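Following the working numbering, the numbering of the sequence shown begins with 887 at its first residue and continues without gaps.
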Amino acid sequence: MYFKHFVILSIVLHFTSQSEYIELRSCLRKKKSTATIITPSDEQFEVANFQFVLSNPILPLGYIFVHSNDDVVKTIQCGRKLNLLFSIRGGAHSFAKYSFGSNQSWIIDTTGVQRLLPLVQD
């Protein structure tokens, strides 16, 4: 019985995250963002999701690799518009997984941004 519920939950999460991915990708394209989205179905996901501590692994819905401050703003705008959960990751070296969010969140990875500027709300 437990296995059946696990399989059903996995299928639901897969289709939910796939739908979120499509909407997120579409939103970022409309905003002309240069961000790259990596999901569990991509080869690069395993490298992006490297975790020092293997107990209680976190499997986020995906990673959004931003390349500029403009990408950060556009990604946050799209995330808010789509009501997505997200976490910001800076150096990708959090031993305690503080920047990995949860199994239901997207990770905005800022390692490709040379210098982050403070965001000012309008």
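Glycine included, C-beta positions come from ideal geometry on N, C-alpha and C. These numbers were taken from a predicted model, which means no experiment stands behind them.
As a quick exercise: from the options, pick the residue whose alpha carbon is nearest that of residue i.
i           : options               : result
residue 958 : 919, 907 and 990      : 919
residue 993 : 951, 943 and 966      : 951
residue 987 : 914, 913 and 937      : 937
residue 927 : 939, 956, 998 and 945 : 945
residue 989 : 904, 943, 913 and 914 : 943
Would residue i and residue j be called neighbours here (beta carbons separated by less than 7 Å)?
i           : j           : result
residue 960 : residue 917 : yes
residue 924 : residue 911 : no
Strictly by DSSP, which residues pair up with residue i?
i           : result
residue 922 : 951
residue 975 : 995
Can you give me the Cβ contacts of residue i inside the same chain, cut-off strictly under 7 Å, excluding the 5 residues immediately before and after it?
i            : result
residue 1030 : Only positions 887 to 1008 of the chain appear in this structure, which leaves residue 1030 out of reach.
residue 1000 : none
residue 909  : 968
residue 998  : 951, 952 and 953
For residue i, which residues of its own chain have a beta-carbon under 6 Å away from its beta-carbon, when the five flanking residues on both sides are left out?
i           : result
residue 976 : 996
residue 904 : none
residue 935 : none
residue 913 : 964
residue 949 : 924, 934, 993 and 995
contact_flag[the stretch 961-972, the stretch 924-932] where n(CB pairs < 8 Å) is 3 or more: By the criterion of at least three beta-carbon pairs nearer than 8 Å, the stretch 961-972 is not in contact with the stretch 924-932.
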